[in-house]
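Peer 1: If you're matching them up, the sequences are chains Z and S in order. Per this note's numbering, the very first residue in the first sequence carries number 1; after that it's consecutive. Per this note's numbering, the very first residue in the second sequence carries number 1001; after that it's consecutive. Heads up, the beta-carbon is just placed ideally off N, CA and C, and yes, glycines get one too. As the structure is a prediction and not an experimental result, all values here were calculated from the model. Structure in structure tokens, see below.
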Amino acid sequence: MDKLLAIRARGITKSFGDVVALGDIDLDVTQGQIHGLVGPNGAGKTTLLGLLLGLAVADSGRLEVLGTPVGRALDAPDGVAGFVDGPALYPSLTARQNLAALAALRGHDAGTADIDDVLADVGLTAVADDRTRGFSLGMRQRLGLAAALLTKPRLLVLDEPSNGLDPAGKKHVHGVLSRLTADGTAVVLSSHNMDDLEALCSEVTIIATGRVVFSGPLSKLATDNRELDYRLVTSDSQAARRVADDAPGVLVVDDVVRQDTELLVVRALVPALDDLVVRLVQEGVALRELTPLVSPLEAAFLALTEQQEAGR
Amino acid sequence: MTATLVESREQEQVTKGRRVPVTRACRFELVKLVSQWRIRLLVLACWIVPALFVAGVSQQSTLPVDTLFGRWMHATGWAGPLVMLGFAGTWALPLLTSLVAGDVFASEDRLGTWRHLLVAVRSPRRIFVAKVVASLTVLLVLVAGLAVSSTVGGLLAVGNQPLVGLDGHLLAPSDAAGQVLLSWVCALAPTLALAALGFLGSVTLGRSPIGLLVPILVSLAMAVAQMLPLPVAVRVALPSYAYISWNGLFTSPQQLAPLLTGVVVSLVWAVVATALAYVLFVRRDFTNLTHDGSGRRAITVGVLPLVGVAAVSFAVVAATTSTTGSGIEQDKVQRSLATAFAHLYRMQTDELHRPAVTEDQLKVTATCSKGHVQDHAEGPGNDWRCVVSWHLPGVQTTGQAIYQLDVTSDGRFVADGDGPKEVNGYFLVRTPNGDAPNPMWQFDGNVELLDTTSKG
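What follows is the structure in structure tokens.
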């Protein structure tokens, strides 16, 4: 079972002076999986990513990366790549030179073809010979990803990789990550962008104040937690409001969009929402749109982290 | 079976987080340095500008006589690289060390690339070594450029002629070439010391631009100290003294004590400052984003030991040389002036096609006073007045000439002839081939500051 784990962390703690950055963290990341890491600012995400990359060593606990125990700083095994706090590039070098220099440094004799391939993967072929001084944040993110890909990683650790990406860039990055996981690479992705995480991750870990408040499949997070607000558009909003008022476990949040009489906002758990849909159909009200106002992950994230903050 | 073997090998590769060899890390650092426009421009400037400068100045009617060997730029191409060395020691080399060594660590702070570099190299020690080696390599290329370019410029513009030393003796072109090379090699020692201070500033002050300025500011402070009437042991205990003491190579016998002392002091500073930078660098917590290595403690750890080195150097120099005061004493000035005069008189005799005479035959002596002080005069100043006496074989009368001396605190003096006119009172002499510069009208000399032979 453990052979499939790219990361196995048990009871990891890390403090900086009196500040506990990570307290008793457990984490399992399976090979071939994109695992999201979510948490408010200062939750300890960057510290955890730093441990995975070998930038720091845990004060206590056991961390195995790609099957190898990591006990010292800068001792992460080969096959781990990625970046924290944004990719690091040298502005006086071109995109191609940055990649070539890094590959040479790490002993990967990357040929021109390899560099061209990873540049194409992230959609930077057209600017391969431009100095990175003029690169936008999104281009820098993509080049950082290309640098990581060049080492053919088996564990990719990325901190906010979609920051500054335009839709096309995001599509490139999502495509690359999906291909990597299909080939068996594990990806740990820290992001504040819930849409990205929902689109890419099969599992997430939510951290608040250095502790794991949830870890597991995204679907479980969406169904297990609190009521969400849904945007409801029907063929007859008056009838829909009446049905919703009568439906158990459903609350009409009518003050959210006052001017739009065709739209209702209802708050419910998923089972109550299912019951509402059945009742609407039985009343002959056609359902045109039913979407959450905020993503389930975002709602769960807010709820869990608020609970954590309140419990401190 | 085969699959198991392959898996086992893969597992073995995975378990070893390979550290990057230092050579590869050095190459990476060199690539980064050389890719910077600033460094490229510096390399270009150091390999081209000195040649143009020396060639251009050598063609001018007015020479930079305030700079050592500047007055000989018309006479020989070997004066050019020495003029350049004098200029470089004051301005160019501190500037170059600032721009290369003073920024090599701080640039990673500015770019936010430390974590990236650490993940790739996996060893702060190797990163430190690679950065130091790469910076010193670039500095060596720059210094070599200054030396080679100014030499080529001088030789092409003026030619491969003998060089007049600081005591007036003539160095054959081959000897001059050797001494010029040695002078530039000696100048590497204080350059290393400044580079090490640059590393220390760069590590200690992080993103702060003050780190970049450390070599320049330290060099400026030391240059001021060299000009002040401080005890000679204090000035010799500073690394910048090696930028001055190379002039001892151009006397006969060579003044090696100050030169070697300056070189050793510089190397000690270089080693101590580099070691401090190393300790501070490997102790730095790179996981803490808000910390860029700077801080009061780091500055204290970086500065205090260097103050200690300066104090120990001063104590050692003072104890081993028994030299106190300025080191510029009446009998040393008289001896230096007499020696230089004898050599130059012989040169003038050759120019004028007079019967040959040797320095021993001339029996030159000098009597100097400083201001109103007739006995035991000492210290720098432009109020030295000397009367030089000499004898010619077969002539009963004693020849006498007067010089005004401007002696600076580093021991260098400019002797300005004050007559008689036919000896040293006019800047030209009439030779059978026409008018020629009079070597005795005005010349440079050097007082050996650490020379204690006069004390018996």
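1) Would valine 19(Z) pass as an interface residue toward chain S - the criterion being a Cβ-Cβ separation below 8 Å?
2) Return no unless some Cβ of chain Z is closer than 8 Å to the Cβ of glycine 1112(S).
3) Quick one: what's valine 265(Z) bridged to in DSSP?
4) Can you give, in chain order, each stretch of the alpha helix (DSSP H) that sits fully within the region 169-218 of chain Z and has at least 4 residues?
5) Of the residues Asp1418(S), Val1152(S), Leu1030(S), which one's Cα is nearest the Cα of valine 1049(S)?
6) Pick out whichever of Gly1080(S), Trp1047(S), Ala1088(S) has its Cα sitting closest to the Cα of leucine 1063(S).
7) Is the distance from the Cβ of arginine 231(Z) to the Cβ of threonine 291(Z) below 8 Å?
8) Along the alpha helix (DSSP H) that carries tyrosine 1243(S), what are the first and last residues, could you check?
9) Should aspartate 85(Z) and glycine 1112(S) be called a contact, given that it needs their Cβ atoms to be closer than 8 Å?
10) Taking just the CA atoms, how far does glycine 123(Z) sit from lysine 171(Z)?
11) Closer than 8 Å, CB to CB, is alanine 101(Z) near chain S or not?
12) Would you tell me roughly how many angstroms separate the C-alpha atoms of valine 70(Z) and threonine 47(Z), rounded to the nearest one?
13) Among the candidates Pro271(Z), Pro217(Z), Leu280(Z), whose CA atom is the shortest distance from the CA of glycine 243(Z)?
14) Specify the secondary structure class of tyrosine 90(Z) as computed by DSSP and reduced to three states.
15) Following the continuous alpha helix (DSSP H) through valine 1119(S), name the residue where it begins and the one where it ends.
16) Are the CB atoms of valine 1317(S) and threonine 1261(S) nearer to each other than 8 Å?
17) Could you pull the DSSP bridge partners for valine 65(Z) from this structure?
18) For chain S, find out if any of its Cβ atoms is closer than 8 Å to the Cβ of arginine 106(Z); answer yes or no.
19) With 8 Å set as the bound, which would you pick, yes or no: does the beta-carbon of valine 1020(S) sit closer than that to a beta-carbon of chain Z?
20) So with CB distances below 7 Å, who are the chain Z contacts of alanine 1101(S)?
21) In this structure, does DSSP put threonine 1062(S) in helix, strand or coil?
22) What is the C-beta distance between glycine 1198(S) and threonine 1274(S), in whole angstroms, given that I count them as a contact (C-beta under 8 Å)?
23) Straight-line CA distance for tryptophan 1078(S) to aspartate 1444(S)?
24) In the DSSP assignment, find the unbroken beta strand (DSSP E) run with phenylalanine 1443(S) in it and report its ends.
25) Please report the Cβ distance between glutamine 1330(S) and histidine 1376(S), rounded to the nearest whole angstrom; I am assuming they are in contact, meaning their Cβ atoms lie under 8 Å.
26) Find out if the Cβ-Cβ distance for the pair tryptophan 1246(S), leucine 1230(S) is shorter than 8 Å.
27) Which of the three DSSP states, helix, strand or coil, is assigned to lysine 1131(S)?
28) Any beta carbon of chain S sitting closer than 8 Å to that of valine 118(Z)?
29) Give a yes or no on whether the minimum CB-CB distance between glutamine 141(Z) and chain S is below 8 Å.
30) Should lysine 1421(S) be labelled buried (16 or more other beta-carbon atoms within 10 Å of its own) or exposed?
31) Within the 8 Å Cβ cut-off, does alanine 1415(S) reach chain Z?
32) Sorted by chain position, which residues of the same chain lie with C-beta nearer than 6 Å to serine 1149(S)'s C-beta, five sequence neighbours on each side aside?
33) In terms of alpha-carbon separation, which member of Met1073(S), Val1100(S), Ala1088(S) lies closest to leucine 1041(S)?
34) Give the secondary structure of tryptophan 1184(S) by DSSP, where H, G and I count as helix, E and B as strand, and everything else as coil.
35) Would you give the residue range spanned by the alpha helix (DSSP H) that glutamate 1029(S) belongs to?
36) So what does DSSP say about glycine 1417(S), is it helix, strand or coil?
Peer 2: Per the coordinate set shown:
1) In the first sequence, the residue the question calls residue 19(Z) occupies position 19. Chain S, which has no Cβ nearer than 8 Å to the Cβ of valine 19(Z), makes this no.
2) Taking the second sequence and counting its residues from 1, the one referred to as residue 1112(S) is at position 112. It does; some Cβ of chain Z falls within 8 Å.
3) The sequence position of residue 265(Z) within the first sequence is 265, counting from 1. Its beta-bridge partners are Arg231(Z).
4) 194-200
5) One-based indexing of the second sequence puts residue 1049(S) at position 49. Out of Asp1418(S), Val1152(S), Leu1030(S), Val1152(S) has the C-alpha closest to the C-alpha of valine 1049(S).
6) Translated into positions along the second sequence, residue 1063(S) becomes position 63. For leucine 1063(S), the nearest C-alpha among the options comes from Gly1080(S).
7) Taking the first residue of the first sequence as position 1, residue 231(Z) is located at position 231. Taking the first residue of the first sequence as position 1, residue 291(Z) is located at position 291. Taking 8 Å as the Cβ cut-off, arginine 231(Z) and threonine 291(Z) qualify as a contacting pair.
8) Here residue 1243(S) refers to the residue found at position 243 of the second sequence. Tyrosine 1243(S) -> alpha helix (DSSP H) spans 1242-1245.
9) One-based indexing of the first sequence puts residue 85(Z) at position 85. One-based indexing of the second sequence puts residue 1112(S) at position 112. Yes.
10) Working through the first sequence from its first residue, we reach residue 171(Z) at position 171. Working through the first sequence from its first residue, we reach residue 123(Z) at position 123. Spanning the two alpha carbons is a distance of roughly 10 Å.
11) As a position in the first sequence, residue 101(Z) is number 101, starting the count at 1. Yes, contact with chain S.
12) Position 70 of the first sequence holds residue 70(Z). Position 47 of the first sequence holds residue 47(Z). Whole-angstrom Cα-Cα distance: 15 Å.
13) Locating residue 243(Z) in the first sequence gives position 243, counting from the first residue. Before going further, note that residue 243(Z) is valine rather than glycine in the sequence given. Residue Leu280(Z) is the option with its Cα nearest to valine 243(Z).
14) Residue numbering aside, residue 90(Z) sits at position 90 when the first sequence is read from its first letter. Reduced to three states, the DSSP call for tyrosine 90(Z) is coil.
15) In the second sequence, the residue the question calls residue 1119(S) occupies position 119. It spans 1114-1121 - the alpha helix (DSSP H) in which valine 1119(S) sits, taken as one unbroken run.
16) Position 317 of the second sequence, counted from the first residue, corresponds to residue 1317(S). Position 261 of the second sequence, counted from the first residue, corresponds to residue 1261(S). Yes.
17) Locating residue 65(Z) in the first sequence gives position 65, counting from the first residue. In DSSP, valine 65(Z) forms a bridge with Ile7(Z), Thr68(Z).
18) Within the first sequence, residue 106(Z) is the residue found at index 106, counting from 1. At least one chain S Cβ lies under 8 Å of arginine 106(Z).
19) Your numbering for residue 1020(S) matches position 20 in the second sequence. Chain Z contact via Cβ: present.
20) Taking the first residue of the second sequence as 1, we reach residue 1101(S) at position 101. The premise fails here: alanine 1101(S) is roughly 17 Å from chain Z at the closest Cβ pair, so nothing lies under 7 Å.
21) In the second sequence, the residue the question calls residue 1062(S) occupies position 62. It is coil, neither helix nor strand.
22) Sequence index remark: in the second sequence, residue 1198(S) carries index 198 (1-based). Sequence index remark: in the second sequence, residue 1274(S) carries index 274 (1-based). Going by Cβ atoms, the distance from glycine 1198(S) to threonine 1274(S) rounds to 10 Å, so no, they are not a contact pair.
23) The residue you call residue 1078(S) lines up with position 78 of the second sequence. The residue you call residue 1444(S) lines up with position 444 of the second sequence. So the two alpha carbons sit approximately 16 Å from each other.
24) Locating residue 1443(S) in the second sequence gives position 443, where the first residue counts as 1. Looking at the DSSP string, the run of the beta strand (DSSP E) that includes phenylalanine 1443(S) is 1442-1446.
25) Translated into the one-based positions of the second sequence, residue 1330(S) becomes position 330. Translated into the one-based positions of the second sequence, residue 1376(S) becomes position 376. The pair is a contact, with the Cβ atoms about 6 Å apart (cut-off 8 Å).
26) As a first step, residue 1246(S) must be located in the second sequence, where it is residue number 246. As a first step, residue 1230(S) must be located in the second sequence, where it is residue number 230. No, the pair does not count as a contact, with Cβ atoms beyond the cut-off.
27) Position 131 of the second sequence holds residue 1131(S). Reduced to three states, the DSSP call for lysine 1131(S) is helix.
28) Taking the first sequence and counting its residues from 1, the one referred to as residue 118(Z) is at position 118. It does not: the Cβ of valine 118(Z) has no partner Cβ on chain S nearer than 8 Å.
29) The sequence position of residue 141(Z) within the first sequence is 141, counting from 1. So no, glutamine 141(Z) is outside the interface.
30) Translated into positions along the second sequence, residue 1421(S) becomes position 421. Exposed: under 16 other Cβ atoms inside 10 Å.
31) Position 415 of the second sequence, counted from the first residue, corresponds to residue 1415(S). Chain Z contact via Cβ: absent.
32) Taking the first residue of the second sequence as position 1, residue 1149(S) is located at position 149. So the list reads Trp1047, Pro1050, Ala1051, once near-sequence residues are dropped.
33) Here residue 1041(S) corresponds to residue number 41 of the second sequence, with the count starting at 1. Ranking the options by Cα distance to leucine 1041(S), first place goes to Val1100(S).
34) Mapped onto the second sequence, residue 1184(S) falls at position 184. The answer is helix: DSSP assigns tryptophan 1184(S) an H, G or I state.
35) As a working note, residue 1029(S) is residue 29 in the second sequence. Glutamate 1029(S) -> alpha helix (DSSP H) spans 1022-1034.
36) Residue numbering aside, residue 1417(S) sits at position 417 when the second sequence is read from its first letter. Looking at glycine 1417(S) - three-state DSSP - the assignment turns out to be strand.
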